[in-house]
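The structure appears below as structure tokens.
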Amino acid sequence: MVVINMITIRFIDNVEAKECNNMSSRFNDLQKRQDDITITYQAVSRGFFEEISVTNNSVKISNDINRKDDKTYDCSKEDWNECLKLVSEIDLDNLSKLEAPTNYRYVDGAAHATLIIKDGDKEIRSSEFDHGHPPKEIKDLVEKLQSFKKLSSKQ
Numbered sequence: 001m002v003v004i005n006m007i008t009i010r011f012i013d014n015v016e017a018k019e020c021n022n023m024s025s026r027f028n029d030l031q032k033r034q035d036d037i038t039i040t041y042q043a044v045s046r047g048f049f050e051e052i053s054v055t056n057n058s059v060k061i062s063n064d065i066n067r068k069d070d071k072t073y074d075c076s077k078e079d080w081n082e083c084l085k086l087v088s089e090i091d092l093d094n095l096s097k098l099e100a101p102t103n104y105r106y107v108d109g110a111a112h113a114t115l116i117i118k119d120g121d122k123e124i125r126s127s128e129f130d131h132g133h134p135p136k137e138i139k140d141l142v143e144k145l146q147s148f149k150k151l152s153s154k155q
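81 is the number that this note's numbering gives to position 81 of the sequence shown; each next residue is one higher, with no gaps.
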């Protein structure tokens, strides 16, 4: 029994180490292409529009669907690297298949929200979800993007 438990523990350790290496590799790959990457959170409903776009050196925030009143702020290297780290933890191949935890947007109870990751000419969109209620797989990244809105009022 002890031998089986030790084998199980070593197997789990190996799996976790490989996953950690994969995330580290994805993060390093994203850093190499960081000039071509834009991460955007967008929420839209009748009378409401919010878009937060982050690149390696700027944060652009718009509350106007016509984008006449965009505000642009500096993005620190630490904030950008945190965004890239959070992106590296997401299975981008399944981003469009994520299931929303709530459906308030169907009855005008919440704005329709989407996470968009643009990498060069490639654009990857999440499935729609309720503003304020992202799928757990992207929750940390969405919350990070939302935090820029609060920081922008300080600049």
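Think of the CB as a built atom: it goes at the ideal place given N, C-alpha and C, for glycine as much as any other residue.
Predicted model only: the values in this text are computed from it and were never measured.
Residue i classed as buried or exposed, judged by whether at least 16 other C-beta atoms fall within 10 angstroms
{"i": "ILE65", "result": "exposed"}
{"i": "LYS77", "result": "exposed"}
{"i": "GLU50", "result": "buried"}
{"i": "LYS68", "result": "exposed"}
{"i": "LYS71", "result": "exposed"}
{"i": "LYS122", "result": "exposed"}
{"i": "VAL142", "result": "buried"}
From the options, residue whose alpha carbon lies closest to that of residue i
{"i": "ILE116", "options": "ASP29, ALA100, ILE37", "result": "ILE37"}
{"i": "SER45", "options": "VAL107, ASP91, LYS97", "result": "VAL107"}
{"i": "ARG33", "options": "HIS131, GLY120, ASP91, GLN42", "result": "GLY120"}
{"i": "ASN103", "options": "ARG26, PRO135, THR72", "result": "PRO135"}
{"i": "ARG171", "options": "LEU141, ILE90, LYS139", "result": "Examination of residue 171 is not possible in this model, given that the chain is present from 1 through 155 alone."}
{"i": "ASP79", "options": "ILE39, LYS118, GLY109", "result": "ILE39"}
{"i": "HIS133", "options": "ILE61, GLY47, ALA43", "result": "ALA43"}
Short Cβ contact (8 Å threshold) for residue i with residue j
{"i": "ALA100", "j": "PHE129", "result": "yes"}
{"i": "LEU98", "j": "GLU137", "result": "yes"}
{"i": "ASP35", "j": "ASN56", "result": "yes"}
{"i": "SER96", "j": "SER53", "result": "no"}
{"i": "GLU82", "j": "LYS144", "result": "yes"}
{"i": "LEU30", "j": "LEU84", "result": "yes"}
{"i": "SER88", "j": "CYS75", "result": "no"}
{"i": "TYR41", "j": "GLN146", "result": "yes"}
Delimiting residues of the alpha helix (DSSP H) encompassing residue i
{"i": "GLU82", "result": "77–88"}
Span of the beta strand (DSSP E), counted from its first residue to its last, around residue i
{"i": "LEU115", "result": "112–119"}
{"i": "GLN42", "result": "37–45"}
{"i": "GLU123", "result": "122–125"}
{"i": "LYS60", "result": "58–62"}
{"i": "ASP74", "result": "71–74"}
{"i": "ILE52", "result": "48–54"}
Closer than 7 Å: residue i CB and nearest the ligand SAM heavy atom
{"i": "TYR73", "result": "In terms of ligand content, the structure shown is empty, and the ligand SAM therefore cannot be addressed."}
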